[in-house]
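Residue numbers (the numbering used here): 119 to 744.
Next comes the structure, spelled out in C-alpha cells:
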C-alpha cells in the first residue's frame, strides 16, 4: 500500500471526483483510495480542504497557539474558499455555530420524548440554545424548518429513508465508483442534489451518518441509488427532527395527583388508569422517583384489551412508606418481543409535571381564624382560612359552642375553595358577654388525604355594657371644666387630665363603657383632641347627641313619682326638644313606661299613660323605675 499527499487544489479535485472523498475521523482529514493495477497496490491519498483546515484552525484558537501554517493561497486557481476560511477563523468570526437537534425516531411509542441537541462553535463559543443556535458574537444559524410532510417524491433539501436491506454510498453517481459506506434499512439521509441517471439507477447525492440535524460534525456525503426499474431503495421521509407520537397504551392518566402515604388508611397509595388496545402477555407497574430510580415494581400479569387501573400501595421496595416528593407511575405492556410504555420510559421535569403524582405528607393548617379576643360583636361569624384546599367541611367538623351556657350554636357552614375559607354563620345573634369556643375536627383533609390536627379557640362577645363606635362618633362638650381619666384593667386610675373649655366643643369617641370596675355610670373613650386617650364620664355636659342607649320594657314597667313638680319632654327626629309638659303632684303617684333611654347624656323613660303620656320623663330627682 502506498500513501501519498496531494499538493494542489486542482489535483485534489480530480482525484476526489474520480475516487470519492472519504473522511478519517481520527486524523480529521479527507482522503481517497484506488487500486493501481500497474503497481498492483492500493493507493491512499490524504489532503486538506476547507473542512479539515477549519478543524486545525479551531485547534489553534482553542489552544491559543501563536502561529499557524497555511496553504499557498495563490495556487488555488482563484477559488476563495480558503481565503474566506482564514478570515473567518482569525480575522473576524462570522461563522455561526454548527449543530442541531438530535435525531428522533420516526415513531415514538410513548406520551413524551426527550429532545436533545448539540452545537459546536470554536471561534467564539456558544452563547445560548434556542431553536436557532447563536454564538457569542451574534452569528446565528438560519432557521431549519421541521418539514413534517415529506411528500411523495424525493426533493433536494428534503430527507429520505432507506427501504433496502443494504444500500451502498458511492463517491459519484454510478456503480463503477468506489463504495464509501453502507446504509441499512431505516437510515435517514439528507438529499443534497440529484437526480442523476447512471448505470440503470436514479442517483442522489446525500449526507449520511449524522447524529443531529443540522450536524455538528464533519458532513459525510456521497451518492446513493434511489431506485431502479424494480422499485425504490430510498423513499421520502420526514426530517430527523420530526417524530410521530403514537403510544400503544392509550388513555393514560393518574387517578389523583396527590396521595399521603402515612398509614392512616386515607389516600395512602396512588393509581393510574390506562387502556390496552389488545391483549398483553404481561403488564408491569414501575414507580420511578424524581431522580429516575425505580423505587417499587409490581407485576400485574397478563391483561386483556380494555380499560384498566394499576394501583401502588405507597410503599417502597423496602416496605417503608414513600417519602415526600414526586413519582412517575410507569406502565409497561409486553406483547411478544415488543414492549410498550406509558407515559414515558424515563423521568423528566415535564413528565412529572404532566403525569407525576406527589407524595404529600404535610397536613393542612389554619392560616387565619376569626373572631378572636374579648370584644366580638354579637353579629359575628366564624371564619377560617386554610393553608391549602381542603374537603370535609361540615356542621360536625366546624362547630361553635356557647361555653358560658354550654349550648351548641346552630348555623350555616360553607366553604369557598377559591379562597380556602370556611365560614359558620350563626342562625341568631350571639349572646352578649358570653364566651364561645370554635372547633375544627380531623374530618377536614387536604386533597392527598392528610387530616387536619384538631384545634379550637375561644372568644368572648362584647359585654352588653359596652358599645363600640366604628367609625368613632362625635361627643358634645359643654363649656366648663372636664376631667379625663386613664384606667388599668382592674379599674385603677393611672392618669388624669383636666381642662376648661371657654365654649362648647366636640371630640370623637370609639366606645361607650358601663363596665369599668369601681367607676359607675357610662364612660366614653376619646380618640382625638384634648382628651385623646382618656375616658370621660357621660353627663348632660359630655354626651353623645341623640340616643346613646335604649332599653325596651315589655310589658311596660311602673315609674314612681314623689310629690313635687316635674317636667317631661318631647324630641324631634334630631333629638332636640320640641315640646315640654310640667305638672305638680300633691302626693306621690305612678305611671307606666315602655322604654328607657339615655338622650343627650341624660336618662329618660317614655311614659305611656297618665298626665305625661307620650312624653320622656327624666329619671332621678324623685322619679324612679320599678
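Here a beta-carbon is modelled for each residue, glycine too, at the ideal position from N, C-alpha and C. Keep in mind the model is a prediction, meaning the values are calculated, not measured.
In chain order, what residues of the same chain have a beta carbon less than 7 Å from the beta carbon of residue i, not counting five sequence neighbours either side?
i: residue 219; result: 233, 235, 330, 331, 359
i: residue 505; result: 482, 483, 485
Apart from the five residues on each side of it in sequence, which residues of its chain come closer than 8 Å, Cβ to Cβ, to residue i?
i: residue 717; result: 664, 665, 666, 689, 693, 734
i: residue 122; result: Confidence at residue 122 is low in this model, with a pLDDT of 47, below 50, so its placement is unreliable and no value can be given for it.
i: residue 120; result: Unreliable placement is indicated for residue 120, whose pLDDT of 49 sits below 50; the coordinate value is still reported in the next sentence. So the list reads 154, 157, 159, 160, 161, 162, once near-sequence residues are dropped.
i: residue 439; result: 379, 380, 381, 386, 432, 433
i: residue 364; result: 225, 226, 227
Along the beta strand (DSSP E) that carries residue i, what are the first and last residues, could you check?
i: residue 721; result: 720-725
i: residue 345; result: 338-346
i: residue 575; result: 573-578
i: residue 503; result: 500-504
i: residue 742; result: 741-743
i: residue 632; result: First-last for residue 632: undefined, no H or E at that position.
i: residue 443; result: 443-453
i: residue 290; result: Segment: none, residue 290 is in no beta strand (DSSP E) and carries neither H nor E.
i: residue 612; result: 611-619
i: residue 357; result: Premise fails: residue 357 is in no beta strand (DSSP E) and is neither H nor E.
i: residue 736; result: 734-736
i: residue 375; result: Premise fails: residue 375 is in no beta strand (DSSP E) and is neither H nor E.
i: residue 486; result: 484-488
Determine the closest residue to residue i out of the options, with distance taken between C-alpha atoms.
i: residue 415; options: 579, 317, 431, 409; result: 431
i: residue 420; options: 454, 436, 442, 203; result: 454
i: residue 619; options: 386, 647, 641; result: 647
i: residue 446; options: 374, 568, 574; result: 374
i: residue 500; options: 547, 524, 523; result: 547
i: residue 304; options: 321, 310, 327, 297; result: 327
i: residue 542; options: 558, 627, 228; result: 558
i: residue 458; options: 202, 230, 141, 538; result: 230
i: residue 526; options: 535, 173, 537, 513; result: 513
i: residue 536; options: 520, 523, 685, 509; result: 509
i: residue 597; options: 624, 605, 587; result: 624
i: residue 317; options: 585, 302, 295; result: 295
i: residue 280; options: 336, 339, 344; result: 344
i: residue 310; options: 695, 708, 323, 574; result: 323
i: residue 673; options: 726, 686, 644; result: 726
i: residue 169; options: 199, 150, 151; result: 199
i: residue 425; options: 740, 149, 390; result: 390
Check residue i in the structure and name its three-state DSSP category.
i: residue 594; result: strand
i: residue 178; result: helix
i: residue 297; result: strand
i: residue 167; result: coil
i: residue 137; result: helix
i: residue 199; result: helix
i: residue 207; result: helix
i: residue 304; result: coil
i: residue 521; result: coil
i: residue 814; result: Outside the shown range of the chain, which is 119 to 744, sits residue 814, and nothing can be said about it.
i: residue 729; result: coil
i: residue 157; result: coil
i: residue 750; result: Coverage of the chain is limited to positions 119 through 744, which leaves residue 750 absent and any answer about it impossible.
i: residue 380; result: coil
i: residue 537; result: coil
i: residue 367; result: coil
i: residue 70; result: Residue coverage of the chain in this structure runs from 119 to 744, which leaves residue 70 outside it and unanswerable.
i: residue 328; result: coil
i: residue 516; result: strand
i: residue 559; result: coil
i: residue 509; result: strand
i: residue 120; result: Its pLDDT being 49, under 50, residue 120 is placed unreliably in this model, and the value from its coordinates should be taken loosely. Three-state result, residue 120: strand.
i: residue 548; result: coil
Keeping to the same chain, check which residues put their C-beta closer than 6 Å to that of residue i; ignore five residues upstream and five downstream.
i: residue 444; result: 408, 470, 474, 476
i: residue 376; result: 476, 478, 565, 566
i: residue 540; result: 502, 511, 516, 533
i: residue 269; result: 354
i: residue 435; result: 414
i: residue 422; result: 397
i: residue 621; result: 597
i: residue 641; result: 631, 634, 653, 655
i: residue 729; result: 701
i: residue 612; result: 604, 606
Counting only beta-carbon separations shorter than 8 Å, does residue i have a partner in chain C?
i: residue 288; result: In summary, chain C is missing from the structure at hand, where a single protein chain is found.
For residue i, verify whether its CB is less than 7 Å away from any heavy atom of the ligand FMN.
i: residue 552; result: In terms of ligand content, the structure shown is empty, and the ligand FMN therefore cannot be addressed.
From what residue to what residue does the alpha helix (DSSP H) around residue i run?
i: residue 470; result: 467-473
(request) List in chain order: all unbroken beta strand (DSSP E) runs of 3+ residues lying wholly within the stretch 637-714. (result) 641-644, 653-655, 665-679, 682-689, 695-703
(message) Quick check on the DSSP output: what are the complete beta strand (DSSP E) runs of length 3 or more inside the stretch 389-437, in order along the chain?
(response) As far as the stretch 389-437 is concerned, its whole beta strand (DSSP E) runs of at least 3 residues are 398-407, 412-421, 424-430.
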